[in-house]
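Following the working numbering, the numbering of the sequence shown begins with 178 at its first residue and continues without gaps.
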Amino acid sequence: MEDRRASKESHTDMLDALLKNEEDPSKFKMTDDQIFDLLLAILYAGYETVSTTSMMTVKYLYDHPKALQKLREEHSAIRNAKGPDDPISWDDYKSMEFTRAVIYETMRLSTIVNGVLRKTTEDMELNGYLIPKGWKIYVYMREINYDPILYPDPYTFNPWRWLEKNTDAHRYFLLFGGGTRHCPGKELGTVEIAVFLHYFVTRYRWEEIDGNKILKFPRVEAPNGLRIRIWER
Ligand code: HEM
Numbered sequence: 178m179e180d181r182r183a184s185k186e187s188h189t190d191m192l193d194a195l196l197k198n199e200e201d202p203s204k205f206k207m208t209d210d211q212i213f214d215l216l217l218a219i220l221y222a223g224y225e226t227v228s229t230t231s232m233m234t235v236k237y238l239y240d241h242p243k244a245l246q247k248l249r250e251e252h253s254a255i256r257n258a259k260g261p262d263d264p265i266s267w268d269d270y271k272s273m274e275f276t277r278a279v280i281y282e283t284m285r286l287s288t289i290v291n292g293v294l295r296k297t298t299e300d301m302e303l304n305g306y307l308i309p310k311g312w313k314i315y316v317y318m319r320e321i322n323y324d325p326i327l328y329p330d331p332y333t334f335n336p337w338r339w340l341e342k343n344t345d346a347h348r349y350f351l352l353f354g355g356g357t358r359h360c361p362g363k364e365l366g367t368v369e370i371a372v373f374l375h376y377f378v379t380r381y382r383w384e385e386i387d388g389n390k391i392l393k394f395p396r397v398e399a400p401n402g403l404r405i406r407i408w409e410r
């Protein structure tokens, strides 16, 4: 922040936007600690989630050729309706129903976010139990993601389960948390992964290289990365 304030160059990034707020009296003035906190939170919250989900879509699609075929059909139809170098529009993204289903199913099965924290601001009763004011609560999403009543055959990668209308409006749709702290990057993150998938499946084929190590608990990660071999289609 000191470097940026001293610098005469301008950048089109978030740090510059936040620092420029200081010059505008009509804008809320954030302290340096708040700016630092916000940037770090967004980097952390917006990077790991999107990159791990993207990696796991590649893994699951490779393991489930029918889902990959269906996804390719969706993206080829979009690509065939435009020139090879035309960018994807918002309407194209909105039409990617199966892609969205693949992304949600990947997040569910690999439990990209393990849980969310809350603190009770008053005594509250839940199913006959008293949770006293000031207690910290961990909502364990892994448990919800693998609930066989909510998601029949929960350990199977089945993107088709998400094609039902308004699935992400269900009360138990907690992949992005809930309430006032609901993830503000939900749509941005989903767009990023959808755009990656669009170019990846329309332009390339790939195979996994033997020996990839995937950890499943407490959340999915590939400690050495997911190594794949890629060819142009
Ligand atoms: C696509 C993958 C993503 C997943 C699965 C995800 C998931 C989540 C979850 C579960 C929470 C906790 C919500 C709660 O406490 O109820 C959260 C919060 C948050 N996410 Fe995301 N997120 C994703 C992408 C992003 C992106 C791309 C950004 C920003 C660039 C972002 C920024 C944030 C921020 C700032 C919070 C804190 C919100 C608050 O506490 O008020 N997320 N996210």
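Just so you know, even glycine gets a beta-carbon here, dropped at the ideal spot from N, CA and C.
The structure presented is a predicted model; accordingly, all values stated were derived computationally and were not measured.
Suppose you measure from the CA of Val397 to the CA of Met178; what does that come to, to the nearest Å? Here residue 397 refers to the residue found at position 220 of the sequence shown. Here residue 178 refers to the residue found at position 1 of the sequence shown. Approximately 34 Å between the Cα atoms of the pair.
Where do the N-terminal and C-terminal ends of the alpha helix (DSSP H) with Val293 fall, by residue? Reading the sequence shown from its first residue, position 116 is the one you call residue 293. Taken as a continuous stretch (DSSP letters only), Val293 belongs to no alpha helix (DSSP H), being part of the beta strand (DSSP E) at 292 to 296.
Can you grab the Cα-Cα spacing for the pair Pro325 / Asp190, in whole Å? The sequence position of residue 325 within the sequence shown is 148, counting from 1. The sequence position of residue 190 within the sequence shown is 13, counting from 1. Those two C-alpha atoms are separated by around 44 Å.
Taking the C-alpha atoms as reference points, what is the distance between Tyr224 and Val290? Sequence index remark: in the sequence shown, residue 224 carries index 47 (1-based). Sequence index remark: in the sequence shown, residue 290 carries index 113 (1-based). Going by the C-alpha atoms only, they are around 12 Å apart.
Under the three-state reduction of DSSP, which class applies to Val397: helix, strand or coil? On the sequence shown, position 220 is the one that residue 397 refers to. Coil at Val397, not helix or strand.
Out of curiosity, what's the CA-to-CA distance linking Ser203 and Lys310? Along the sequence shown, read from residue 1 onward, the residue named residue 203 stands at position 26. Along the sequence shown, read from residue 1 onward, the residue named residue 310 stands at position 133. Roughly 37 Å separates the two Cα atoms.
Determine whether the beta carbon atoms of Tyr381 and Arg410 lie at a separation below 8 Å. For the purposes of this step, residue 381 is taken as residue 204 along the sequence shown, with counting starting at 1. For the purposes of this step, residue 410 is taken as residue 233 along the sequence shown, with counting starting at 1. Yes. Within cutoff.
Scan the region 246 to 296 and note each continuous beta strand (DSSP E) run of 3 residues or more that stays entirely inside, going in chain order. 292 to 296
Taking 7 Å as the cut-off, does the CB of Phe373 come closer than this to any heavy atom belonging to ligand 1? By one-based count along the sequence shown, residue 373 stands at place 196. No, Cβ of Phe373 sits at least 7 Å from all heavy atoms of ligand 1.
Going by CA-CA distance only, name the one from Leu403, Arg181, Tyr317, Thr367 that's closest to Asp387. Within the sequence shown, the letter at position 210 stands for residue 387. Closest by alpha carbon: Leu403.
Can you list, in chain order, the residues of its chain with a C-beta nearer than 8 Å to that of Leu196? Leave out the 5 residues immediately preceding and following it. Locating residue 196 in the sequence shown gives position 19, counting from the first residue. Within the same chain, Leu196 has close Cβ partners Met178, Arg181, Arg182, Ile212.
Nearer than 7 Å: is that true of the beta carbon of Leu352 relative to any heavy atom of ligand 1? On the sequence shown, residue 352 is found 175 positions in, with the first residue counted as 1. Yes, since a heavy atom of ligand 1 falls inside the 7 Å radius drawn around the Cβ of Leu352.
Which same chain residues, not among the five before or five after Leu340, have their C-beta less than 6 Å away from its C-beta? Residue numbering aside, residue 340 sits at position 163 when the sequence shown is read from its first letter. Closer than 6 Å at the Cβ level, and outside the excluded window around Leu340, lie Ala278.
Nonlocal neighbours in the same chain, by C-beta distance under 8 Å from Ile391, ignoring five residues either side: Numbered from 1 along the sequence shown, position 214 holds the residue referred to as residue 391. If we look at Ile391 and ignore the five residues flanking it on each side, its Cβ neighbours are Lys236, Val397, Glu398, Ala399, Leu403.
Short Cβ contact (8 Å threshold) for Ala222 with Gly362: By 1-based counting over the sequence shown, the position of residue 222 is 45. By 1-based counting over the sequence shown, the position of residue 362 is 185. Yes, the pair counts as a contact, with Cβ atoms nearer than the cut-off.
Are the beta-carbon atoms belonging to Arg358 and Glu282 less than 8 Å from one another? For this step, residue 358 is matched to residue 181 along the sequence shown. For this step, residue 282 is matched to residue 105 along the sequence shown. Contact: no.
I need the straight-line Cα distance from Ser287 to Glu274, nearest angstrom please. Looking up residue 287 in the sequence shown gives position 110. Looking up residue 274 in the sequence shown gives position 97. Cα to Cα, the separation comes out at about 20 Å.
If we call anything under 8 Å between Cβ atoms a contact, is Glu369 one with Val227? Numbered from its first residue, the sequence shown carries residue 369 at position 192. Numbered from its first residue, the sequence shown carries residue 227 at position 50. Yes, Cβ-Cβ distance for Glu369 and Val227 is below 8 Å.
Own chain, CB closer than 8 Å to Trp312, minus 5 neighbours either side, in chain order: Within the sequence shown, residue 312 is the residue found at index 135, counting from 1. Closer than 8 Å at Cβ, skipping near neighbours: Lys296, Thr297.
Using the Cβ count rule (16 or more neighbours within 10 Å means buried), how would you classify Met301? As a first step, residue 301 is located in the sequence shown; it is residue number 124 there, counting from the start. Exposed.
For Met318, which option in Met284, Arg256, Arg249 has the closest C-alpha, if you only look at C-alpha atoms? Residue numbering aside, residue 318 sits at position 141 when the sequence shown is read from its first letter. Checking every option, the nearest Cα to that of Met318 belongs to Met284.
Find out if the Cβ-Cβ distance for the pair Leu374, Thr276 is shorter than 8 Å. The count along the sequence shown starts at 1 and reaches residue 374 at position 197. The count along the sequence shown starts at 1 and reaches residue 276 at position 99. Yes. Within cutoff.
Of the residues Lys247, Asn322, Thr333, the one placed nearest Arg348, counting alpha carbons only: For this step, residue 348 is matched to residue 171 along the sequence shown. The shortest Cα separation from Arg348 among Lys247, Asn322, Thr333 belongs to Asn322.
Go ahead and label Pro264 buried or exposed: buried means 16 or more other beta carbons lie within 10 angstroms of its beta carbon, across all protein chains shown. The residue given as residue 264 occupies position 87 in the sequence shown. Exposed: under 16 other Cβ atoms inside 10 Å.
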